[in-house]
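The next block holds one structure in the form of structure tokens; read it before the comments.
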Amino acid sequence: MKLLPIGILLLSCVGNAASASTIFITNEKDNTVSVLDSETLQPIKTIPVGKRPRGIVITPDFKEVLVCAGDDNNLDVIDTTTLEVVRHIDTGPDPELLDIDHKGQHIFVANEDDGYVTVLDRATGKVLSEIEVGVEPEGMSVSPDDKLVAATSEATSMAHIIDAETFEVKANILVDTRPRVARFTPDGKQVWVSAEVGGTVAVIDPEALKIIKKFGFKIPGVRPELIQPMGIEFSNDGKLAFVAIGRANRLAVVDTATYEVKDYILIGQRPWHMALSPDGKKLYTANGLTNDLTVVDVQSLKAERSVPVGRLPWGVAIKP
Amino acid sequence: MRISSFVRSLATRVRGIGLAPLLLAVMLAGAGFAAAETAPAADVAPMSEAHPAETPPAKPHLVTAIVYLGKDYNEPAPLSLVDKDVKDRGIQGARIAIEEDNRTGRLIGQEYKLLEAIAPTGADVAAKAKELLAAGHGLFVADLEAPDLLAVANMPEAQNAVFLDMRTNDDSLRQEQCRANVFHIGPNWAMRADALAQYLVWKKWRRWFLIVGKTPADEGYAAAIRRAASRFGAKIVGETVYSFDAGSRRTDTGHQQIQAQMPMLTQGVADHDIVIVADEADIFGDYLMFRTAEPRPVAGTHGLVAVAWHRSFEEYAGTQMQNRFEKKTGRVMTERDYTAWLAVRVFGEAVVRTGNNNPAAVRNYLLSDAFEVAGFKGEGMTFRTWDQQLRQPILIAGPRALVSISPQEGFLHPKYLTDTLGFDAPESKCPLKSQTAAKESE
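Quick note, the sequences are listed as chains C and V, same order. Read in order, the letters of the first sequence are residues 1 to 320 in the working numbering. Read in order, the letters of the second sequence are residues 321 to 762 in the working numbering.
If you want it as structure tokens, here you go:
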């Protein structure tokens, strides 16, 4: 009697494991991380974390999810098997966004209240360096070859290109007002920086340390001051960029070869950060004001579904 | 607190202070000027060994001095004992902004210094301004009341300077008394009244009972309320003047008298949805709440207020500003600290972007399409060309929490939604308007 249901349960688990991945979403206002199954979009668990969780990444070995708990001044480390916070890493004041190198060793954290980028050793939690940047650092991206880190400082309106080995700032590049997010393209040849109040995206050549292109967005019926680019995500082949336009409640789809906007996809309110499914077919956006997650099909560029998560969803990370 | 985090926070404090001597050293190495100008250099801690190597600052090639021109006015203590009687409102915001300007400047070879020129009570601030202008200064943050601001701005020597007014509310300074060399950072009475009116109309609280104090400023604000009512379809169903003599803010048995006085003041009025109080002088406004004859909410200068800044505001990275301010000053950031902070950031933004600190170039840039400044309101803020007032969203706040942000949904404008607040171009009586119009048609 008892064996049969367990057998079915096991089978169903195996069945899911082939395609389903696990989605982690930080809920800034709830102090939780929602965990969803990508197939069913049903909640698996809601994990209590530290105060004001925002930035979230998964380690390259997929064993840990790192969450910036801004008001606790540390990173909460979630074990992706047990779905529990297993340790904390002290980050210094107000961590907001973070990235991890592709070896999974060094964590780069923007200390928003403090004007520093803190470099942490993942294994020991030790502070390796504190790199002084501008006021209100936020965006953080490690290059695919782990040689460079791009950061932004919102109140200084700058992108900072940092040597990921010496931890020295190579260049401070003035961009438009309140840069929020920096992302290396998958080939590592460009850094895209979104300026929330400026309403533009600057494309930076990280070798030449120069802006090579800057473009804005025009959405019919939406006032220019409400066009505020935020999160940036590239398709796996690097041909498309998705830029969340927070207050316009849309995703802009940009052709990375021409920098032209191909489409605007209407989703939930105030989308900020996004993550791509491991197979690159779906994009998940965290929508702060509607408290939901929207699934966008990358092939058809259609918003397929929105599912409720916690309050003020902020960032997304995905485990295959 | 874990020990490690305690050590970390200690280290943070050390490095936070560490920046001050660095800046001061750089500045002293520049053009000769009095050491009293800026940077609280006290309690300088040596850089600890754990301090990370800093990237060498670029050599400054453009040094920009911003003068904070103020006067020690005899301001009454706040009516509520809950509010601290703060004497350094404004300048503390400017000090933080100059650090931020320098954080940016340092990375691009620019340097900013703040000259604090605060005249004593009763002094002739125009004479002080004359000296500063003669010394070649042209960028001023004006923490001055309207008569002093006009006295300074009207001087022939001041015509090529730029004054960022971060203090006045007076509508007349945006209208007939506007000046080409004065830009206004904070919202004036008309903007505040419109911001509040939009919210009240959105709530369908359209019947207003207006209570006005006895000072000219109270009447100025009341006039803006009457204008807002007619603009947005509200109705002033009753109006009265607060004619009681106000007492000192501290009395041992004061509440009994007030408890008797406020119902008398508010009784026998036509049906109203809300009491609007115009008490700029802060003499009685706080007494109205919970004491009116009818159980009605209170808005205006007290109760529900329309402000540029409030401690309860946290959106659009406002939290970071609140935290930065409190960490540095040990007190809450007031509206005047915010407008001073914003004024210094406006100058910084203009000079960082153009690399030119000539006052004429700064003025042109502030009026150009290229200019915008961020101030935690979720959108870039720009100046109206017709009266040089900064257009901005306005916070609607209760005593302890943010209630809303105006403009409200549905109040439309062909160009900027924020131009539904205050004097739009067609209503402007500022003589500068015709000049801008002529320039635009050229």
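Each residue gets a CB set at the ideal place from its N, CA and C atoms; glycine is no exception. Quick caveat, the model's predicted, so the values are computed rather than measured.
- The secondary-structure analysis by DSSP pairs Gln709/V across a beta bridge with His504/V.
- Close partners of Asn27/C in chain V (Cβ separation under 8 Å) are lacking, with about 16 Å as the shortest Cβ gap.
- In the three-state reduction of the DSSP assignment, Ile411/V falls in the helix class, which pools H, G and I.
- In the three-state reduction of the DSSP assignment, Gly199/C falls in the coil class.
- In the three-state DSSP reduction, Glu395/V falls in the coil class, being neither helix nor strand.
- Counting every other CB atom within 10 Å of its CB across the protein chains shown gives His106/C a total of 16 or more, marking it as buried.
- Around the beta carbon of Ile245/C, a 10 Å sphere encloses 16 or more other beta carbons of the protein chains shown; the residue is thus reported as buried.
- In the three-state reduction of the DSSP assignment, Tyr636/V falls in the coil class, being assigned neither a helical nor a strand state.
- The beta carbon of Glu304/C is closer than 6 Å to those of Val295, Asp297 in its chain, skipping five residues each way along the sequence.
- The C-beta separation of Ala164/C from Val142/C comes to about 6 Å, placing the pair in contact by the 8 Å criterion.
- With a threshold of 16 other beta carbon atoms within 10 Å, Gly533/V meets it and is buried.
- With contacts defined by Cβ atoms closer than 8 Å, Ile89/C and Gly315/C do not form a contacting pair.
- For Gln640/V, the chain C residues whose C-beta falls within less than 7 Å of its own C-beta are Glu112, Asp113, Glu136, listed in chain order.
- The three-state reading of DSSP puts His273/C in strand, counting E and B together.
- Of the other Cβ atoms in all chains shown, fewer than 16 fall within 10 Å of the Cβ of Phe610/V; this residue is therefore exposed.
- By the neighbour-count definition (other C-beta atoms within 10 Å, threshold 16), Thr124/C is an exposed residue.
- Secondary-structure assignment with DSSP links Phe242/C through a beta bridge to Glu233/C, Val253/C.
- Glu233/C sits buried, since 16 or more C-beta atoms from the chains shown fall within 10 Å of its C-beta.
- DSSP places Ile227/C outside both helix and strand once states are collapsed to three, so it counts as coil.
- Listed along chain C, the residues sitting closer than 8 Å to Gly700/V by beta-carbon distance are Thr177, Val197, Gly198, Gly199, Glu225.
- The beta carbon of Val406/V sits closer than 7 Å to the beta carbons of Arg651, Thr654 from its chain, once the five residues preceding and following it are set aside; these are given in chain order.
- In summary, the residues of the segment 135–158 of chain C whose CB is separated from some CB of chain V by less than 9 Å are Val135, Glu136, Glu138, Ser153, Glu154, Ala155, Thr156, Ser157, Met158, in the order they occur in the chain.
- In this structure, the CA atom of Glu64/C is about 36 Å from the CA atom of Lys648/V.
- Annotation: Gly70/C to Arg247/C spans about 23 Å, alpha carbon to alpha carbon.
- According to the DSSP secondary-structure assignment, Trp525/V is paired through a beta bridge with no residue.
- Within the segment 690–715 of chain V, those residues whose Cβ lies closer than 8 Å to any Cβ of chain C are, in chain order, Glu692, Val693, Ala694, Gly698, Glu699, Gly700.
- Taken through DSSP and simplified to helix, strand or coil, Asp463/V comes out as strand.
- Under the Cβ criterion of 8 Å, Asn249/C is not counted among the residues facing chain V.
- Taking 8 Å as the cut-off, the Cβ atoms of Asp392/V and Ile428/V do not count as close.
- Below the 9 Å Cβ cutoff, chain C contributes Met158, Asn172, Leu174 as neighbours of Ile428/V, in chain order.
- Each of Ile594/V, Thr612/V, Asp593/V was checked against the Cα of Thr586/V, and the nearest Cα belongs to Thr612/V.
- For Arg499/V, there are no C-beta contacts with chain C under 7 Å, since the nearest C-beta of that chain is about 27 Å from it.
- Per the DSSP secondary-structure output, Asp61/C pairs with nothing in a beta bridge.
- A contact is defined here as three or more CB-CB pairs under 8 Å, and the segment 658–669 of chain V meets this definition with respect to the segment 481–501 of chain V.
- Looking at Arg87/C, His160/C, Val86/C, Asn287/C, the one whose alpha-carbon comes closest to that of Thr424/V is His160/C.
- Of Val682/V, Tyr519/V, Lys404/V, Gly390/V, the smallest CA-CA separation from Leu624/V is found for Tyr519/V.
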